[in-house]
Amino acid sequence: MAELKLSVERLQPGVFVKLPVKWGEHPFMFTSFKIKSNEQIAVIRSLGLKHVIVVPDKSTSPPLPPTNGDSPAPQEAADTKIEHKLWDEKRQRIEELKQYRRNLQKIEKEFGRSVAQVRAVMSKIKSRPLNALQDATTLISTIADDMINGENVVLHLMSDGKEADNFYYHSLNVSILAMMLGKAVGLSERDIKTLGLGGLFHDVGKMQIPDPILRKTGKLTQQESNLLKMHTKYGEKFLNLSDSVPAQVKTIAAQHHEYLDGSGYPAGLKGNQIDPLTQVITLVNDYDSLCHPPDPKQTRIPFTVISYLYKQRKKQLNSQHLGVLIRLLGIYPPGSVVQLSNGQIGLVMSVNSERLLFPAVQVYDPAIPRNEAPIIDLEAAQITIERALKPKALPPEVFEYLNPRTRISFYYDHSKAL
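What follows is the structure, encoded as structure tokens:
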């Protein structure tokens, strides 16, 4: 993409500029942006700059023609009220960013505690099943009560964890997404909590599948595939050892790979033969599993998973629930790498179910240190998402700066969205 050095006297609204100064030395929110008004041009001139960098491909207007002899035009003083307003807005935004990061750190800690609780539950489930169930019920009740009582749930992208914990991350992801979906489709508090437990325990039968099969990245042999499919029966059998496990949680473990068109396993059930709550778990389980397959080469970005489920799997999955899941996650779910309408590249950090078209996006800006990377509200910035990008296609410096997650884990809060 060509860039040109241009005299500030030739600027006009519609020209996309890059300011050759540090982020903290100007009042604009970004160091690169498209000029919207003559007032912004006056502020740029007031910075004492003689030249800026212009990106013609991102501009909607050409620069003004050179003046006679390219002599500088009379300097126009910036409106101090406008300049002060810009500085005030920038300081306010910086403070909001600090608060957002503090809130995110708090949520990261809560998420870490929940993962640790899931790990503890799974370690107890063989030797002390009653204690494991009590611990799981307490965890799910706490999360479900927050979701049910909260007016507006925001999904946040969490940091990568240890690869050895992928089983626990998957279980927690399915549990949280299932409860969110259950609330969104109007299920009762009891059913929402059953979904939470079902999400935690849906894959418990995999604890009896040999690790080499679970971790195999290549194609499974027929024998290995048949053994892996046994995890649904193993899970149901294992949960049947306790009378305290709700019956529908056992059903979820048994049926979560059954599909509405009869193409699933182990029994090839169809339509209404499949438990209604299991249909919720099946959907979110497929979503998370497609985002995180055993073979990293087959990993799909969240945007393409949503599109794939909608276009290719509607006959297998509950289409009503699928539509609601899309509304909950947005077209670009947390973890999506996106290109914005202003040309910047960003990572979707959080999605508010009430403002799906305007997620909070961390953007790449080499002028700003990575640990202070701006996280922008697209609606406030009047910026839209143009398309999703594959993380592996990013330039190395952008990939390192944004640090796309290899595992996309979600957690929630009810704080005001960024």
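Going from the sequence shown to the working numbering is simple: count from 1 and add 94. The beta-carbon is built from N, C-alpha and C at its ideal position, and this holds for glycine as well.
Supposed contact pair V146 and L198 - C-beta distance, whole angstroms, cut 8 Å: Not confirmed; about 34 Å, so no contact.
Outcome for H564 when other beta-carbon atoms lying within 10 angstroms are tallied against a minimum of 16: One cannot answer for residue 564 here, as it falls past the ends of the chain, which runs 95 to 512.
Beta-carbon spacing of F110, S153 below 7 Å: yes
Bounding residues of the beta strand (DSSP E) (the contiguous stretch that carries G440): 439-446
S503 vs N267 beta-carbon contact at 7 Å: yes
Short Cβ contact (7 Å threshold) for P396 with G429: yes
Per-residue DSSP class, three states only, for D389: coil
When I462, K192, S444, E494 are compared against L472, the one with the closest alpha-carbon: S444
Beta-carbon spacing of H325, V374 below 7 Å: no
Boundaries (first-last residue) of the alpha helix (DSSP H) holding S217: 174-218
First and last residue of the uninterrupted alpha helix (DSSP H) at Y263: 260-278
Entirely enclosed alpha helix (DSSP H) segments - the stretch 311-384, minimum 4 residues: 316-323, 325-333, 341-349
Beta-bridge pairing of A454 - partner residues as DSSP gives them: S444, D471
Same chain, Cβ closer than 6 Å to Q302, five either side skipped, listed in chain order: Y328
Contacts around F56, its chain only, beta-carbon distance under 8 Å, and the 5 residues preceding and following it disregarded: No answer is possible for residue 56: it lies beyond the span of the chain, which begins at 95 and ends at 512.
Rounded C-alpha distance that separates A230 from H350: 19 Å
Assigned exposure category for N366 - 16 Cβ within 10 Å defines buried: exposed
Pick from R394, I286, E480 that is closest to D239, judged by C-alpha positions: I286
Span separating the alpha-carbon of R222 from that of N260: 23 Å
Closest Cα partner of T125 within the set T478, A474, L488, P460: P460
Run of the alpha helix (DSSP H) containing V399, from where it starts to where it stops: 396-406
Cβ-based neighbour list, A96, same chain, cut-off 8 Å, excluding 5 preceding and 5 following: V149, P150, D151
Integer-rounded CB distance, given that V298 should sit under 8 Å from A347: 6 Å
Paired residues, beta bridge with Y426 - DSSP: Answer is none; Y426 lacks a bridge partner.
Contact set for N379: own chain, Cβ-Cβ below 7 Å, skip 5 residues either direction: V268, H296, H350
Contacts around L363, its chain only, beta-carbon distance under 6 Å, and the 5 residues preceding and following it disregarded: E352
Closer than 6 Å: V339 CB and nearest the ligand COA heavy atom: Within the structure as shown, the ligand COA is missing, as the structure has no ligands at all.
Three-state secondary structure (DSSP) of E480: strand
Whole-angstrom distance between E189 and C385, CA atom to CA atom: 34 Å
Coil, strand or helix - S126 by DSSP: strand
Where T174 falls, given that 16 or more other Cβ within 10 Å makes a residue buried: exposed
Separation of R394 from A475, as counted between CA atoms: 29 Å
DSSP beta-bridge partners of F493: Its beta-bridge partners do not exist; DSSP assigns none.
Residues bridged to Q228 [DSSP beta-bridge criterion]: Answer is none; Q228 lacks a bridge partner.
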